[in-house]
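Down below is the structure, laid out as structure tokens.
Residue numbers (UniProt numbering): 1 to 730.
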């Protein structure tokens, strides 16, 4: 029995339930903080989230709309009523609205795409007619093209490798690609690089339609007329206003000529429904698509090219519109020049009940609760800054322009930025700077999952194990896709992204069906996970705001980074083995002998051998860095003087900036971070140690060795920074 009690106690401690201490707090301040957190949690009210969503998602509110501005002003008034000093900062950004959309099958049969989603019974928001934003892809270029059609699966690099094997070129053709598989902007980007003159993107029912479940209104999934809007701006080059790269789009800012803006697509691109895609795909002939390419439509999937021929014509108005960011500040009592920032966007493609209002109402509820506590004298030690961003949907524009506008001040004052976006029923997803992993894990161990009554951490770990992962709680690495991007990737500010999901599946994303009725039926009916998000993000915010020592843990950071390097080394070795195997099969004529003689398949040629890369500078530097981190974490911070604590926190605030390079990544200098970046050909998907990893993936061996040297110097600088902090404390 004694052994069992010991095991249970250790289990509670390891899973974050010990109340004897909190990372970053003295034992005396731990008790005060826990009492504050209890009071905060008791104030959270799901009814507020429900009512606010109904109000803000009542009408379409993309950037530049009157209702979008109305929402921003209402959000401002709410924060002011809760005791925040609030303002709206407005930028003038380029936002194209479609004035002409034509898609026609011109041969061998005729069909004119409807390009319209139908209203559904029981959801009056889908019947708002001309008030609904037309389905289109923002930052497609204008164009009027006609050509044979080629089906390219998801339109990602490996799909073009398959086309090359089959001897199929898209040069001079219009491609049709499925949504998913990558961020949508990669599809026209790659198609243009391969010589295509137009791009069509459709939602296949296998991915988010009837292949996944009943369609709306019976179920949550995309019906045959639903279309996903979205930006195709080349965000892996830089996000934000396309005409003001690297600086703010203020009223009088100097702007690029639109023809010189590198992030506008080179070819016209249009999203369509699977109802409109079916006649186009049915008219294709030629090679039958590989099994992994086939979707859920009742046809044989052919690749083409032709005989299907399509005409695509798009024009846009290309106007400057105002983007209204709401910035609400609650001044800290002890460290007013140290900011903890919280953000969620308020603009949507149409009504945006799930994306982004479900996250925004959680942010507002946590801000309201903190404001009430502050009015009763329980103010945070550090300044809190709550932000409701505009123009996130067309390219992270509102947050990017604000960060570019205030970059120097932010790098001096911001402790961390915590982001949320869409939210729903299910499991906690948390990504971000791995120096925050220990603190986030501790918080997640103290937030109760509303369905199972275990901690959200335990439920996340259980899901990981069932899906084949290990039994630990880890932050995922941040690529792009929401408003944390300019903070961590450009300004080098420690960042997190939080949200619940996994049991809230559907096909409403960026369609006219992302409405309050849809959300209430299928996403988070009682707003229980909205409250869970407000609680999780709120506790993280309060701990960062009140900690004696900013709660960064570098040993977990080091372990994660070391794993990333091991991945790259292993992947390089696997590439080498695959090339050797491939070349051997060429020598043995294996491909030709194994091919179906009745099918035209291009015989592969030998590939260049993979050279041996010298990773030892990185490996050696990580060993040295580990020793420095070990020495730093031996320091008893509870015995430090107020002056020493202040100096330490000042250093910790800037630690993430030491992981950036002012030159940025190759061919995209806006992205400064050397540990995390969105992939050049993945868009949202992250590439860790991106300079080195992508050079190797692209087989640019000279650049790979150059990037190893740059990353090694980054680790050296970080090592010196931590070592100096340790020396000063001793």
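From the three backbone atoms N, C-alpha and C, an ideal C-beta is built for every residue, glycine too.
Residue i to residue j, Cα distance in whole Å?
i           : j           : result
residue 358 : residue 270 : 28 Å
residue 352 : residue 126 : 12 Å
residue 690 : residue 186 : 17 Å
residue 354 : residue 348 : 9 Å
residue 361 : residue 648 : 35 Å
residue 263 : residue 426 : 35 Å
residue 13  : residue 437 : Low confidence applies to residue 13: its pLDDT is 34, below 50, so where it sits in the model is not reliable enough to give any reading.
residue 730 : residue 656 : 22 Å
residue 499 : residue 699 : 36 Å
residue 637 : residue 549 : 8 Å
residue 420 : residue 608 : 45 Å
residue 16  : residue 103 : For residue 16, the pLDDT reaches just 35, beneath the cut-off of 50, and the residue's location in the model is therefore unreliable, although a value from the coordinates is still provided. Residue 16 and residue 103: Cα-Cα distance of roughly 56 Å.
residue 240 : residue 99  : 23 Å
residue 383 : residue 337 : 7 Å
residue 72  : residue 559 : 42 Å
residue 229 : residue 392 : 13 Å
residue 380 : residue 634 : 28 Å
residue 247 : residue 404 : 5 Å
residue 254 : residue 492 : 25 Å
residue 7   : residue 182 : Per-residue confidence for residue 7 stands at a pLDDT of 32, beneath the threshold of 50, marking its modelled position as unreliable; the derived number appears in the next sentence. Going from the Cα of residue 7 to the Cα of residue 182 covers about 45 Å.
residue 163 : residue 305 : 11 Å
residue 41  : residue 441 : 18 Å
residue 535 : residue 462 : 21 Å
residue 723 : residue 630 : 10 Å
residue 218 : residue 226 : 14 Å
residue 623 : residue 457 : 31 Å
residue 527 : residue 673 : 36 Å
residue 5   : residue 36  : With a pLDDT of only 33 at residue 5, under the threshold of 50, the placement of this residue in the model should not be trusted; the figure read from the coordinates follows. Those two C-alpha atoms are separated by around 30 Å.
residue 731 : residue 714 : What the structure shows of the chain is the stretch from 1 to 730, and residue 731 is not part of that stretch, so it cannot be assessed.
residue 60  : residue 542 : 34 Å
Our contact map puts residue i next to residue j with C-beta atoms below 8 Å; I'd like the distance itself, whole angstroms only.
i           : j           : result
residue 197 : residue 145 : 5 Å
residue 494 : residue 416 : 4 Å
residue 514 : residue 424 : Not a contact, Cβ separation roughly 12 Å.
residue 204 : residue 160 : With a Cβ gap of about 18 Å, residue 204 and residue 160 do not count as contacting.
residue 669 : residue 165 : Between residue 165 and residue 669 the Cβ distance is about 35 Å, and since that is not below 8 Å, they are no contact.
For the candidate residues the options, whose alpha-carbon lies nearest to that of residue i?
i           : options               : result
residue 726 : 65, 554, 455 and 403  : 554
residue 322 : 70, 488 and 492       : 70
residue 90  : 607, 280, 63 and 596  : 63
residue 719 : 586, 687, 663 and 557 : 557
residue 398 : 461, 441 and 487      : 487
residue 619 : 642, 708, 531 and 572 : 708
residue 208 : 195, 200 and 224      : 224
residue 368 : 80, 311 and 685       : 80
residue 616 : 192, 308 and 565      : 565
residue 319 : 68, 669, 96 and 46    : 96
residue 202 : 154, 601 and 148      : 154
residue 22  : 280, 192 and 552      : 552
residue 712 : 681, 300 and 621      : 621
residue 329 : 703, 87 and 627       : 87
residue 149 : 168, 165 and 176      : 176
residue 49  : 455, 366 and 192      : 366
Could you check where the alpha helix (DSSP H) with residue i kicks off and where it finishes?
i           : result
residue 225 : Segment: none, residue 225 is in no alpha helix (DSSP H) and carries neither H nor E.
residue 208 : 205 to 208
residue 408 : 397 to 413
residue 517 : 516 to 522
residue 582 : 554 to 587
residue 361 : 358 to 375
residue 122 : Note, residue 122: premise wrong, no alpha helix (DSSP H); not H, not E.
residue 536 : 528 to 546
residue 461 : 456 to 466
residue 192 : 186 to 193
Look at residue i and residue j and say whether their C-beta atoms are less than 9 Å apart.
i           : j           : result
residue 489 : residue 611 : no
residue 137 : residue 232 : yes
residue 277 : residue 370 : no
residue 758 : residue 363 : Shown here, the chain extends from 1 to 730; a query on residue 758 therefore has no answer.
residue 681 : residue 189 : yes
residue 496 : residue 430 : yes
residue 471 : residue 315 : no
Can you tell me whether residue i sits near the ligand HEM, meaning its C-beta is under 8 Å from at least one heavy atom of the ligand?
i           : result
residue 571 : Ligands displayed in this structure: none; no statement on the ligand HEM is therefore possible.
Could you check where the beta strand (DSSP E) with residue i kicks off and where it finishes?
i           : result
residue 618 : That residue, residue 618, is in no beta strand (DSSP E); its alpha helix (DSSP H) goes 616 to 632.
residue 383 : 382 to 389
residue 309 : 309 to 316
residue 265 : Element bounds for residue 265: n/a, residue is neither H nor E.
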